[in-house]
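Sequence lines, in order, name chains A and B.
Read in order, the letters of the first sequence are residues 7 to 142 in my numbering.
Read in order, the letters of the second sequence are residues 7 to 142 in my numbering.
The C-beta atom is built at its ideal place from N, Cα and C for all residues, glycine as well.
Notes follow once the structure below has been shown.
There are 2 protein chains.
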Amino acid sequence: MTTYESTYETTGDRRGDLLDPLCPTRQLLDRVGAKWTSMAVKVLAEAAPGELRFAELRRRIPGISQKMLSVTLQSLVRDGLAERRVEPTVPPAVHYRLTDLGLSLEGPLAALREWAETHMAQIDRNNRLAEEVGRS
Amino acid sequence: MTTYESTYETTGDRRGDLLDPLCPTRQLLDRVGAKWTSMAVKVLAEAAPGELRFAELRRRIPGISQKMLSVTLQSLVRDGLAERRVEPTVPPAVHYRLTDLGLSLEGPLAALREWAETHMAQIDRNNRLAEEVGRS
DNA sequence: CGGCATCCCGCAAGATACTG
DNA sequence: CAGTATCTTGCGGGATGCCG
Numbered sequence: 007m008t009t010y011e012s013t014y015e016t017t018g019d020r021r022g023d024l025l026d027p028l029c030p031t032r033q034l035l036d037r038v039g040a041k042w043t044s045m046a047v048k049v050l051a052e053a054a055p056g057e058l059r060f061a062e063l064r065r066r067i068p069g070i071s072q073k074m075l076s077v078t079l080q081s082l083v084r085d086g087l088a089e090r091r092v093e094p095t096v097p098p099a100v101h102y103r104l105t106d107l108g109l110s111l112e113g114p115l116a117a118l119r120e121w122a123e124t125h126m127a128q129i130d131r132n133n134r135l136a137e138e139v140g141r142s
Numbered sequence: 007m008t009t010y011e012s013t014y015e016t017t018g019d020r021r022g023d024l025l026d027p028l029c030p031t032r033q034l035l036d037r038v039g040a041k042w043t044s045m046a047v048k049v050l051a052e053a054a055p056g057e058l059r060f061a062e063l064r065r066r067i068p069g070i071s072q073k074m075l076s077v078t079l080q081s082l083v084r085d086g087l088a089e090r091r092v093e094p095t096v097p098p099a100v101h102y103r104l105t106d107l108g109l110s111l112e113g114p115l116a117a118l119r120e121w122a123e124t125h126m127a128q129i130d131r132n133n134r135l136a137e138e139v140g141r142s
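What follows is the structure in structure tokens.
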């Protein structure tokens with residue numbers, strides 16, 4: 007655990023200076039929460055160790071725009087989670103596949119997904135219940 | 007797996023209608039990616055099965071504003087992940103604790119955290135490398 | 001103490017159009 | 001085919017101030 011807890015307790019009100027741009031968990035969650043990243047990782051992981059072309063990825067991620075897929079893949083490549091391979095034909099064919107690092111992320115992500123699928127129905131029920139209570 | 011894959015493959019371009027507001031994974035990731043939710047769950051989980059007061063939570067989550075802590079806790083309570091207990095003193099003391107459901111989320115979240123702490127340094131290195139390449 | 005109401009801003013992300 | 005470029009918007013979230 008590299009995140010903060012014991013510190014700051016006694017210091018009172020010195021919030022606002024160091025904040026937390028360093029916390030690795032925060033950084034990761036920002037990326038995972040980026041709305042498409044986790045989907046892309048999932049789809050690529052399902053195809054692993056094979057590759058997928060841009061258009062193929064787009065087809066497998068319903069609702070994603072050309073732009074967001076492009077941006078998301080660039081981010082994955084920059085992070086070293088995915089690799090880009092261009093076949094020099096005309097028109098060019100671009101293939102993507104997860105790196106070992108990317109694949110290693112799929113495990114934790116899958117755990118979260120499983121949790122979601124198991125419990126989201128309950129959570130929805132809780133929300134509807136809270137809504138009714140709120141109206142009273 | 008309740009998420010989509012085999013569908014949409016043959017239908018071509020019918021994106022934009024059903025999109026995905028139903029996908030439980032997406033819903034969960036939206037909440038987890040909400041920048042403070044995961045932190046709050048973590049801190050509450052560390053205190054479990056004990057409770058934490060509002061101000062105490064604020065102290066343990068460096069950088070969070072009063073508003074965001076409030077909003078985040080409300081969200082957790084609505085989802086049934088946490089419970090709120092008000093002690094009718096003056097001024098009132100409000101205590102929060104995770105429900106069993108909330109606690110069950112901590113496992114998958116901790117896995118993600120562990121992954122982050124293990125690999126974020128490498129990812130940062132990858133990014134710096136990509137930046138250098140980009141300048142060439 | 002533990003909020004809620006209000007105002008405000010930046011950025012993620014959608015729509016659209018163009019290119020090697 | 002696989003992208004960039006540009007414009008635009010929604011809303012997450014910060015700051016501030018008031019209330020029971």
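Within chain A, partners of B:Met-74 - CB distance below 9 Å = Walking along the second sequence from the start, residue 74 of chain B turns up at place 68. Within 9 Å Cβ-Cβ: nothing; B:Met-74 doesn't reach chain A, min ~12 Å.
ask   = Taking the alpha carbon of B:Asn-132 as the point to measure from, which residue in A:Gly-86, A:Ala-53 and A:Gln-72 has its own alpha carbon closest?
value = Here residue 132 of chain B refers to the residue found at position 126 of the second sequence. Comparing Cα positions, the closest option is A:Gly-86.
request  = Compare the Cα-Cα distances from B:Ser-110 to each of B:Arg-37, B:Val-47 and B:Cys-29 and report the closest residue.
outcome  = What you label residue 110 of chain B is simply residue 104 of the second sequence in a count that begins at 1. Residue B:Val-47 is the option with its Cα nearest to B:Ser-110.
ask   = Since A:Ala-99 contacts A:Leu-50 with CB under 8 Å, what's their CB separation in whole angstroms?
value = As a working mapping, residue 99 of chain A is identified with position 93 in the first sequence. As a working mapping, residue 50 of chain A is identified with position 44 in the first sequence. In fact, because the Cβ distance is near 16 Å, the residues do not count as touching under 8 Å.
ask   = Which chain B residues are close to A:Glu-114, counting only those with a beta carbon under 8 Å from its beta carbon?
value = The residue labelled residue 114 of chain A in the question sits at position 108 within the first sequence. A quick correction: the sequence has Pro, not Glu, at residue 114 of chain A. The answer, in chain order, is Pro-114, Ala-117, Leu-118, Glu-120 and Trp-121.
ask   = Hey, is A:Gly-108's beta-carbon within less than 8 Å of any beta-carbon in chain B?
value = Counted from its first residue, the first sequence places residue 108 of chain A at position 102. For A:Gly-108, the answer is no, since every Cβ of chain B falls outside 8 Å of its Cβ.
ask   = So is B:Val-92 buried or exposed if we call it buried at 16+ other beta carbons inside 10 Å?
value = Numbered from its first residue, the second sequence carries residue 92 of chain B at position 86. Answer is exposed; the Cβ neighbour count stays below 16.
request  = Kindly indicate if chain A contains any beta-carbon less than 8 Å away from that of B:Gly-56.
outcome  = Here the question's residue 56 of chain B lines up with position 50 in the second sequence. By this cut-off, B:Gly-56 is not an interface position.
key: Straight-line gap, B:Leu-34 to B:Ala-117 (C-alpha atoms, nearest Å)   = Along the second sequence, read from residue 1 onward, the residue named residue 34 of chain B stands at position 28. Along the second sequence, read from residue 1 onward, the residue named residue 117 of chain B stands at position 111. Distance between the alpha carbons of B:Leu-34 and B:Ala-117 is about 16 Å.
task = Can you give me the start and stop residues for the alpha helix (DSSP H) that B:Glu-52 sits inside?
result = The residue labelled residue 52 of chain B in the question sits at position 46 within the second sequence. Counting along the chain, the alpha helix (DSSP H) containing B:Glu-52 begins and ends at 43 to 53.
task = Would you verify that the beta carbon of A:Pro-30 is, or is not, closer than 8 Å to some beta carbon of chain B?
result = Residue 30 of chain A sits at position 24 when you count from the first residue of the first sequence. It does: the Cβ of A:Pro-30 has a partner Cβ on chain B nearer than 8 Å.
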